[in-house]
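Participant:
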Amino acid sequence: MYKGKSNLNASNTKVNMAPGMGIKAPVPRTRTGCLTCRARKVKCDEGKPDCGRCIRLQRDCKWSTPPAHMLATTSHGHGLSSTSSLPTTQQLALGKTRIPKDSFVIEFPNIDKTTMPYIHHFVGFCTRFLAYANDDEGNPFKEELVPFVTTSPALLHSIIAVAAGHMSRTDKQHEVKATKHYSMALRELNAALCDSSVAKQNATLGACLLLCVYEISHSDRGLWLEHLKGARDLILHRGGPKTTDFLTRFFALLDVSGSLWAGQGPLLPGNYWLEDAPTPSTGPKQIGDSPSTVEAPLNWPYYDPGGVMTGEFHMFMVFMAKLSRLSSRSLTKNSFEEQIIIKQEAIGIKLEVQTWWQNCPSFIRDLSNDWRRQPRDTKLTVAETLEAEAFSSTKACMYGCILFIHHIIDPVGEEPQDPDVSEAIKQVLDVAAETPEGYGLEMGLYYGLFAAGASVFNDWVVEDMVRKKLKADTRIALYHADRALELLEILWRRQHQYERKFDWRVVQQQMGIQIFILA
């Protein structure tokens, strides 16, 4: 069914842990720090309103007298009118993620202590950026998948590989650990596939998807597609995709996002992220149909409690999938008549995207790019702020899709630039310019930014803007755009040198650059 590939080139070299990650001697309990540090018997720097340790470890910093910022409202409304304002910087994203009172806790009594820092890094950081930015409370990877590490060696090694791979960006000593556990995960996964019942388990599918993430975030090869095909086979082995399954939903995000970069359509037919595999008694779901009432939809991410953002984005993925299939067709040698048909289909997809956007709720469609700077009477909660950030990134993705569609219509700039292209580039750059850096929000902008970069012709200002945003600190989020930027740099250099526009897809094939951008 599935056979992965190993890239183990190193021996079992002992890894020296990064400063602060080893086992420490007990620290005397402080009497003057925050209640959180005092309860954990660690030194507190007494920074207010939130101490440095609680900020760094994303813990709820409690004091005997609660700081004023903790008295903010906790409602999850969608109205982003002038009656709300932003939370403080420390409350946002990496600065501070609120931990609920029933904080997720799990023990790993039989796990090697030398691997615990990697598991902790995966639970505390990586899970928050696997599918959605700053996805913390109720995260299904953390609460439903991680507990299986005690019974699934494949999942355990996949988790360590992803965490060590991310940590190696700032400390190369973790590189050996990442490579070693990636290879071990491949071996354990192939062993798990020998047992049909084990192959159907969430732990097995989760391990396969994490190997895909490892390749996307840590490798310059295209093996992410091989792992994604393996995940597809496992989903089919489990009876087909289920919309209420968080692993199927994650697979769909990877599949639809990756299909454009892989030069093909999605790996599974139909809009499977909107509908379960059809049975003889149920027909395929149509756009606009109500969701199934058999199982409640996932409340994921936590800052989208009504499923508004994810519901609209899942509809948008329909057009992304169509775009990928059409892009693949357009790259083959076509007759003049076929080229006309492809352009007509592209125009049709563009109209569908514009119609969908106009029918989106007004608080998404009409969200101003400067919403963060608008004066408000009441602060937005962290959840409301993150939801609005998700609406902004959806807007950037929509305009990115418009740009990719026009690239199919006119890939080498033979016709005058359509006004919709200029407007789309402007909107993407405006969203990117207003999005604060350092909170992992950049991962939602890469799709639109790459489209803008591939659409311009010898525009130094836009190129510099896209370059700056795609070079965002890769330590903040799990995914990065290094290889996408490498491709754009080659594209821009050619266009400046030869004074003509090139098709980024052709340049990608010629240079053999494997890229992946999660939309």
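Quick note on UniProt numbering: the sequence shown kicks off at 1 and runs consecutively. Here a beta-carbon is modelled for each residue, glycine too, at the ideal position from N, C-alpha and C.
Nearest by alpha-carbon distance to ILE408: which of PRO49, HIS237 and GLU345 is it?
Facilitator: Among PRO49, HIS237 and GLU345, the Cα nearest to that of ILE408 is on GLU345.
Participant: Would MET309 be called buried (16 or more neighbouring beta carbons within 10 Å of its own) or exposed?
Facilitator: buried
Participant: Can you confirm whether the stretch 115–125 touches the stretch 423–433 when touching is taken to mean that 3 or more C-beta pairs between the two stretches lie within less than 8 angstroms?
Facilitator: no
Participant: According to DSSP, is LYS200 helix, strand or coil?
Facilitator: coil
Participant: Nearest to TYR447 by alpha carbon, out of ASN369, ILE515, ALA388 and VAL412?
Facilitator: TYR447 has its Cα closest to that of ILE515, out of ASN369, ILE515, ALA388 and VAL412.
Participant: Measuring CB to CB, does ALA383 end up less than 8 angstroms from LEU367?
Facilitator: no
Participant: According to DSSP, is LYS172 part of a helix, a strand, or is it coil?
Facilitator: coil
Participant: Does the Cβ of GLN509 have 16 or more other Cβ atoms within 10 Å, making it buried, or fewer, making it exposed?
Facilitator: exposed
Participant: Contact between the stretch 375–382 and the stretch 396–403 is defined here as three or more beta-carbon pairs at a separation below 8 angstroms; is this criterion met?
Facilitator: no
Participant: Ends of the alpha helix (DSSP H) at HIS480?
Facilitator: Unbroken run through HIS480: none, as it is neither H nor E.
Participant: In terms of residue numbering, what span does the alpha helix (DSSP H) encompassing THR394 cover?
Facilitator: 382–409
Participant: On the criterion of 16 or more Cβ atoms from any shown chain inside 10 Å, does GLY306 qualify as buried, or is it exposed?
Facilitator: So GLY306 counts as exposed.
Participant: To the nearest angstrom, report how far apart ASP136 and THR127 are at their CA atoms.
Facilitator: 8 angstroms
Participant: Out of GLN495, LEU470 and GLN173, which one is the CA nearest neighbour of residue 555?
Facilitator: Summary: the structure shown does not reach residue 555, with the chain confined to residues 1 through 519, and so no result is reported for it.
Participant: Distance, Cα to Cα, LEU331 vs CYS61?
Facilitator: 55 angstroms
Participant: Would you please state the rounded distance, in angstroms, between the beta carbons of TRP300 and PRO411? I believe it to be under 8 angstroms.
Facilitator: With a Cβ gap of about 37 angstroms, TRP300 and PRO411 do not count as contacting.
Participant: Is there contact between the stretch 226–242 and the stretch 493–508, where contact requires at least three CB pairs shorter than 8 angstroms?
Facilitator: They do not touch, by the three-pair rule.
Participant: Just how far apart, CA to CA, sit PHE250 and CYS212?
Facilitator: Taking the straight line joining both Cα atoms gives about 11 angstroms.
Participant: So ALA161 is in the alpha helix (DSSP H); what residue range does that whole segment cover?
Facilitator: 153–167
Participant: Would you kindly report the start and end of the unbroken alpha helix (DSSP H) that includes LEU234?
Facilitator: 223–237
Participant: Could you check if ASP195 is buried or exposed, using at least 16 other CB atoms within 10 Å of its CB as the buried criterion?
Facilitator: exposed
Participant: Apart from the five residues on each side of it in sequence, which residues of its chain come closer than 7 angstroms, Cβ to Cβ, to ARG483?
Facilitator: ASP220, ILE513, GLN514 and ILE515
Participant: On the premise that HIS314 lies in contact with ILE273, defined as a C-beta separation below 8 angstroms, what is that separation, rounded to the nearest angstrom?
Facilitator: It is Trp, not Ile, that sits at residue 273 in the sequence shown. At roughly 5 angstroms, the Cβ-Cβ gap stays under 8 angstroms, so TRP273 and HIS314 are in contact.
Participant: If we count the other Cβ atoms within 10 Å of its Cβ and call it buried at 16 or more, is ALA164 buried or exposed?
Facilitator: buried
Participant: With a Cβ-Cβ cutoff of 8 angstroms, do ALA452 and VAL466 count as a contact?
Facilitator: yes
Participant: Does any CB atom of chain B fall closer than 8 angstroms to the CB of LEU449?
Facilitator: Checking the listed chains, one finds no chain B in this structure; it contains a single protein chain.
Participant: Apart from the five residues just before and just after LEU485, which ones in its own chain have a Cβ nearer than 7 angstroms to its Cβ?
Facilitator: These residues qualify, in order along the chain: ARG467, LEU470 and LYS471.
Participant: Can you tell me whether DSSP reads LYS379 as helix, strand or coil?
Facilitator: In this structure, DSSP gives LYS379 an extended state, which the three-state scheme calls strand.
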